[in-house]
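The structure appears below as structure tokens.
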Amino acid sequence: MTSITSIELNYLVFRYLQESGFTHSAFTLGYEAGINKCTIDGNLIPPGALITFVQKGLQYLEMEANMSNNDVEMDEDFSFLQPLDIITKDVNQLRQMIKEKRKNIQKDKDKDKNKDKDKNKDREVDREHEAERGRVREKERHEKEEREKEREKAESNKEPEKQPEELADGDMVMDQEDKDAIGHEENGTSIVGPEPMDIAATSTQASQEACEIPGSDVTILEGHTSEVCACAWSPTGSLLASGSGDSTARIWTIADGLCKSGAQNSPLNVLVLKHVKGRTNEKSKDVTTLDWNGEGSLLATGSYDGQARIWTTNGELRSTLNKHKGPIFSLKWNKKGDYLLTGSFDKTAIVWDVKAEEWKQQFEFHTGPTLDVDWCNNVSFATSSTDHMIYVCKIGEIRPIKTFSGHQGEVNCVKWDPTGSLLASCSDDITAKIWCMKQDKYVHDLREHSKEIYAIRWSPTGPGTNNPNQQLTLASASFDSTVKLWDVELGKLLYSLNGHKDPVYSVAFSPNGEYLASGSLDKSMHIWSLKDGKIVKTYTGNGGIFEVCWNKEGDKLAACFANNTLCVLDFRM
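So the sequence shown is numbered by full-length UniProt numbering: it starts at 1 and just counts up by one.
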């Protein structure tokens, strides 16, 4: 008999976690089970393979339970069992359940037969009564027709005299109907014309169609051979960086002016940054995260192999930073550009001295994988983890300078506001929280989502920003398919943006703070006006969206997709 190995089973579970959106769990299993070392060709494994495998196993057990050893022919009805019964009971227990179920079914059939006999008798009696009633009605109808004929003959001589009177009566009836209609209109109950609901529905549909960005105004960037999980615009130029599961990052040169339809993949406008020599699609080299320095002169990438790499805009590998013992989940440049911060599955965060090309300090405070990191200023930063904790650390300090505890689930994301005074966090515990260094407990506990919150972003507005006269707000993206916008001063919900059908993985504010872009697994990217919380533009691609980002001018948007592509679209209102 063919049996499945633990390596094959681990790979099927790994693929199931990836396909279901459990990214962190997939990373953990892949790392601990050594998925990167297995010889299975992932391209040969169809989507949903584990589910199919389990379903077939359940079907086999179900069939085995329905066939007793003595029965060769299956004359009786095939009994369907619940999956939980099949998993928790052995074959003999299942057969006993089926035997009892068949007895009950037979009893019900016998009862139904008796009921049918009684019903048939009742029907025969009813048919006889109905026939008798029909004969009576036919006789009454015939007598009524005879009386009508006699009455018409008797009145035929008087008909010419009555016509003027009948016409007058008709006029009176018409007048009365007109008065009734006028009366209804005066009372506001006229039913003439289309209903308001129909008009509203039509106008909504028309506005949605008007919002859709046509494919002719979108540039598709092709070249990656696996899902594209990260993208970022250079802060100073027209370069767009992307990171993929195919073990490469790419730097695309995006021409100024309007985007054009069709693919853009010629060697002249893309640089391929290979993270492995030879074959690609090696899972241990997935590019998981990337970030440009403030000058736009260097690109840092984090990989599943635990190494951070620094590249020039010409695609040359300048540094390889190697100390982590697990995949890198996040990395950020400080504003000055002299330090790079990385957070890893190995539960640590490391600050790297970029000029010296070596690690400066490793911070080992978390008891679970480090999921996100974010600089507060040039020397201090926050880290979050699967251990539910948030630590604020400072270069040179051997202990955290602040500890924030309050989340009851994995803390997926931490972000400092534009001035570095407030820290926002979001978690699998379905909450987002706002913290400040002056107190240990959160300032606000934001609890309007109904599922895990995956990402948060601050608006580029308020004091100390380029948009000082606009209100500072926070956006949160959740697996409940919504994006929510928060008043951070009051800790109140401003808008719930309900337009997606599947989990929302990414949100990004436009540089002027007037618009918010969101990308979802439902393959759509929406652009929302923050003046009224309505969609002003939308684009639907051919795969789930992992990240969206604006260029520095705010006139172009990029999104990266699960179908190995990126798109760039123009935004002008």
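Ideal Cβ positions, reconstructed from N, Cα and C, are used throughout, including at glycine.
- Around the C-beta of TYR60, fewer than 16 other C-beta atoms lie within 10 Å, and the residue is accordingly described as exposed.
- Counting only the Cα atoms, LEU446 lies some 7 Å from GLY491.
- By the neighbour-count criterion, in which 16 or more other beta carbons inside 10 Å mark a residue as buried, SER450 falls on the exposed side.
- Taking a contact to require three or more Cβ pairs closer than 8 Å, the segment 412 to 421 and the segment 371 to 379 qualify as touching.
- For HIS324, the three-state secondary structure derived from DSSP is coil.
- Separation of the CB atoms of LEU331 and THR289 is rounded to 5 Å, and the pair is thereby assigned contact status at 8 Å.
- Following the DSSP letters along the chain, one finds ALA230 inside the beta strand (DSSP E) bounded by residues 228 to 233.
- About 4 Å separates the CB atoms of LYS394 and SER380; that is less than 8 Å, so the two are in contact.
- Ranking ILE545, SER481, GLU357 by CA distance to the CA of MET525 puts ILE545 first.
- Collapsing the DSSP output to three states places VAL354 in coil.
- For LYS415, the secondary structure class from DSSP, reduced to helix, strand or coil, is strand.
- If you look at PHE14, you'll find it in the alpha helix (DSSP H) that goes 6 to 19.
- Taking 8 Å as the upper bound for CB-CB distance, GLY294 and GLY337 are in contact here, some 5 Å apart.
- Taking C-beta separations shorter than 7 Å and ignoring five residues to either side along the sequence, the partners of LYS285 in its chain run SER247, HIS275, VAL276, SER303, TYR304, ASP305, following chain order.
- By the CB criterion at 9 Å, TYR454 and ALA477 fall inside the cutoff.
- Excluding five sequence positions before and after ASN466, the CB atoms of its chain that fall closer than 7 Å to its own CB belong to PRO460, given in chain order.
- Looking only at ILE398, THR367, ILE401, GLU397, the smallest Cα-Cα distance to MET389 is reached by THR367.
- Straight-line spacing of the CA atoms in PRO463 and VAL483 works out to 24 Å.
- The beta carbon of CYS38 sits closer than 7 Å to the beta carbons of ILE7, TYR11 from its chain, once the five residues preceding and following it are set aside; these are given in chain order.
- Under the three-state reduction of DSSP, ALA508 is assigned to strand.
- An exposed status is given to PHE22, since fewer than 16 other beta-carbon atoms sit within 10 Å of its beta-carbon.
- For GLY343, the uninterrupted beta strand (DSSP E) segment begins and ends at 339 to 344.
- DSSP places HIS24 in the uninterrupted alpha helix (DSSP H) bounded by 23 to 33.
- PRO327 sits buried, since 16 or more C-beta atoms from the chains shown fall within 10 Å of its C-beta.
- Excluding five sequence positions before and after ASP85, the CB atoms of its chain that fall closer than 8 Å to its own CB belong to LEU94, MET97, given in chain order.
- For LEU569, the number of other beta carbons within 10 angstroms of its own is at least 16, and it is reported as buried.
- If you ignore the 5 residues before and after ARG318, its C-beta comes within less than 6 Å of the C-beta of ILE310, THR312, all in its own chain and listed in chain order.
- The alpha carbon of GLN362 has as its nearest neighbour, out of ASP387, LYS335, ASN322, the alpha carbon of ASN322.
- Per DSSP, CYS549 is one residue of the beta strand (DSSP E) stretching across 545 to 550.
- In the three-state reduction of the DSSP assignment, CYS376 falls in the coil class, being assigned neither a helical nor a strand state.
- In this structure, DSSP gives VAL392 an extended state, which the three-state scheme calls strand.
- The beta carbon of SER518 sits closer than 6 Å to the beta carbons of VAL483, VAL504, VAL507, HIS526 from its chain, once the five residues preceding and following it are set aside; these are given in chain order.
- Following the DSSP letters along the chain, one finds MET525 inside the beta strand (DSSP E) bounded by residues 524 to 529.
- For PHE479, there is no enclosing beta strand (DSSP E), as DSSP marks it with neither H nor E.
- For CYS211, same chain residues with a beta-carbon under 7 Å away, outside a window of 5 residues either side, are ILE535, VAL536, LYS537, THR538 in chain order.
- Just so you know, the alpha carbons of THR5 and ILE40 end up roughly 12 Å apart.
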